[in-house]
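Start counting the sequence shown at 21; every next residue gets the next number (my numbering). Note that beta-carbon positions come from the ideal geometry of N, C-alpha and C, so glycine has one too. Report on the following structure.
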Amino acid sequence: MTTEIVSLSLSQIDEASEILQDAFNQGPIFRYLIPEAEQTRANFLRWFFKRALRYSQHYNHVYTTAGNLKGVAVWLPPERSIDTNILQLIPTALALPFQLGWSKLGRGISLLSAIEERHKLDMPSPHWYLSILGVAPACQGQGVGSSLLQPILKRADNEGLPCYLETATQSAVRFYQRHGFEVVWTGTFTEGSPCLWTMKREAYSD
């Protein structure tokens, strides 16, 4: 059965944030950044994803499933400006110490800075960037993630542009490989951080 994909509305951000915190709560990156109890991590992730989704709505490439929300995909377009991103994220960055705590803020900033530098090295030319892909745990393995990828993978093919992402699990690497992505780089960005993979998908032509 085909899963219908639609744009996420502003009224769905709270529900989408809940799905994403559920999908990423046990992920290596957030367990590294917030090693405390699961509920502490969940509270931070709800806060974080609400702001990430509101920010990403500026680019109109946030997708979910029609009807009951089962997952979310967030893409940033080729014209995305890194300087603009930083400026728009300043309010969130200023609030981070109160949400994450000063002791973890430096760890988070170091990791995000290293990821951004890797991104620039891997992809100096225009591309689509898969910022977030998360599926509700109860809906995983049903093709939801694959369906969420399709709108932009098809558009990227039509435009002749590559796509790029980072992921932190081998199972996700295998999933993305099935959709044409190849590993560009793998390693740890900072001392003690989990292994990450950066992946690129070249545009397909008929």
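Worksheet item: Where do the N-terminal and C-terminal ends of the alpha helix (DSSP H) with Ser-194 fall, by residue?
Response: Counting from 1 along the sequence shown, the entry for residue 194 is found at position 174. With the sequence shown as reference, residue 194 is identified as Arg, and Ser is not the correct amino acid for it. Taken as a continuous stretch (DSSP letters only), the alpha helix (DSSP H) holding Arg-194 covers 190-197.
Worksheet entry | Buried or exposed (CB count within 10 angstroms, at least 16 for buried), Cys-183 | Residue numbering aside, residue 183 sits at position 163 when the sequence shown is read from its first letter. By the neighbour-count rule (16 or more Cβ atoms within 10 Å), Cys-183 is buried.
Worksheet item: Within 10 angstroms of its Cβ, does Val-94 collect 16 or more other Cβ (buried), or is it exposed?
Response: Position 74 of the sequence shown, counted from the first residue, corresponds to residue 94. Buried: at least 16 other Cβ atoms inside 10 Å.
Item to complete: List the DSSP bridge partners of Met-219.
Response: Within the sequence shown, numbered from 1, the residue matching residue 219 stands at position 199. Leu-185, Val-203, per the DSSP bridge assignment.
Worksheet item: Ala-93 lies in the beta strand (DSSP E); which residues open and close that run?
Response: For the purposes of this step, residue 93 is taken as residue 73 along the sequence shown, with counting starting at 1. Ala-93: member of the beta strand (DSSP E) spanning 91-96, first to last residue.
Worksheet item: Are there 16 or more other CB atoms within 10 angstroms of the CB of Gln-197, so buried, or fewer, so exposed?
Response: Residue 197 sits at position 177 when you count from the first residue of the sequence shown. Exposed, since its Cβ has fewer than 16 Cβ neighbours within 10 Å.
Practice prompt. Taking only the alpha-carbon atoms, compute the straight-line gap between Lys-17 and Ile-33 and give it to the nearest angstrom.
Written response: For residue 17 there is no data in the structure shown, the boundaries of the chain being 21 and 226.
Fill in: Nearest-angstrom Cα separation, counted from Pro-97 out to Pro-83
Here residue 83 refers to the residue found at position 63 when the sequence shown is read from its first residue. Here residue 97 refers to the residue found at position 77 when the sequence shown is read from its first residue. The sequence as given places Tyr at residue 83; Pro does not occur at that position. The C-alpha of Pro-97 is placed about 13 Å away from the C-alpha of Tyr-83.
Discussion item. Here's the rule: buried if 16 or more other CB atoms are within 10 angstroms of the residue's CB, otherwise exposed. What is Gln-59?
Written reply: On the sequence shown, residue 59 is found 39 positions in, with the first residue counted as 1. When all chains shown are included, Gln-59 counts as exposed.
Worksheet entry | Short Cβ contact (8 Å threshold) for Val-164 with Ala-86 | Counting from one through the sequence shown, the residue named residue 164 turns up at place 144. Counting from one through the sequence shown, the residue named residue 86 turns up at place 66. Contact: no.
Discussion item. Measuring straight from C-alpha to C-alpha, what distance separates Leu-30 and Arg-74?
Written reply: For the purposes of this step, residue 30 is identified with residue 10 of the sequence shown, where counting begins at 1. For the purposes of this step, residue 74 is identified with residue 54 of the sequence shown, where counting begins at 1. If I take the Cα positions, the gap works out to 8 Å.
Worksheet item: Of all the alpha helix (DSSP H) runs that stay within the bounds of the segment 115-172, which reach a length of 4 or more residues?
Response: Those alpha helix (DSSP H) runs which fall completely within the segment 115-172 and span 4+ residues are 122-142.
Fill in: Proximity to Ala-192 [Cα-Cα], best of Pro-144, Lys-140, Ala-72, Leu-150
Taking the first residue of the sequence shown as position 1, residue 192 is located at position 172. The alpha carbon of Ala-192 has as its nearest neighbour, out of Pro-144, Lys-140, Ala-72, Leu-150, the alpha carbon of Leu-150.
Worksheet item: Secondary structure at Thr-60, three-state DSSP: helix, strand or coil?
Response: Residue mapping note: residue 60 aligns to position 40 of the sequence shown, counting from 1. Looking at Thr-60 - three-state DSSP - the assignment turns out to be helix.
Fill in: Given Arg-221 as reference, the closest of Phe-68, Asn-88, Arg-127, Arg-175 once Cα atoms are compared
The residue you call residue 221 lines up with position 201 of the sequence shown. Of the listed residues, the one whose Cα sits closest to Arg-221 is Arg-175.
Worksheet item: For Leu-185 versus Met-219, is the C-beta distance shorter than 8 Å?
Response: Indexing the sequence shown from 1 puts residue 185 at position 165. Indexing the sequence shown from 1 puts residue 219 at position 199. Going by C-beta atoms, Leu-185 is nearer than 8 Å to Met-219.
Fill in: Whole-Å CB distance - Ala-156 paired with Ala-43, under 8 Å assumed
The residue given as residue 156 occupies position 136 in the sequence shown. The residue given as residue 43 occupies position 23 in the sequence shown. Confirmed, Cβ separation roughly 7 Å.
Worksheet item: Can you give the beta carbon distance from Pro-214 to Ile-39, rounded, assuming they're within the 8 Å contact cut?
Response: Counting from one through the sequence shown, the residue named residue 214 turns up at place 194. Counting from one through the sequence shown, the residue named residue 39 turns up at place 19. Contact between Pro-214 and Ile-39 is absent: CB atoms are separated by about 22 Å, not below the 8 Å threshold.
Discussion item. Taking the alpha carbon of Asp-177 as the reference point, which residue from Ala-188, His-199, Gly-161, Gln-190 has its own alpha carbon closest?
Written reply: Position 157 of the sequence shown, counted from the first residue, corresponds to residue 177. It is His-199.
Practice prompt. Could you say which of Gln-162, Gly-47, Ser-37 lies nearest to Gln-190 if we only look at CA atoms?
Written response: For this step, residue 190 is matched to residue 170 along the sequence shown. Comparing Cα positions, the closest option is Gly-47.
Worksheet item: Under the rule that 16 or more other beta-carbon atoms within 10 Å means buried, what is Thr-208, buried or exposed?
Response: By 1-based counting over the sequence shown, the position of residue 208 is 188. Exposed: under 16 other Cβ atoms inside 10 Å.
Worksheet entry | Proximal residues to Glu-35 (C-beta, below 6 Å), its chain only, five neighbours per side dropped | On the sequence shown, residue 35 is found 15 positions in, with the first residue counted as 1. The beta carbon of Glu-35 is closer than 6 Å to those of Leu-89 in its chain, skipping five residues each way along the sequence.
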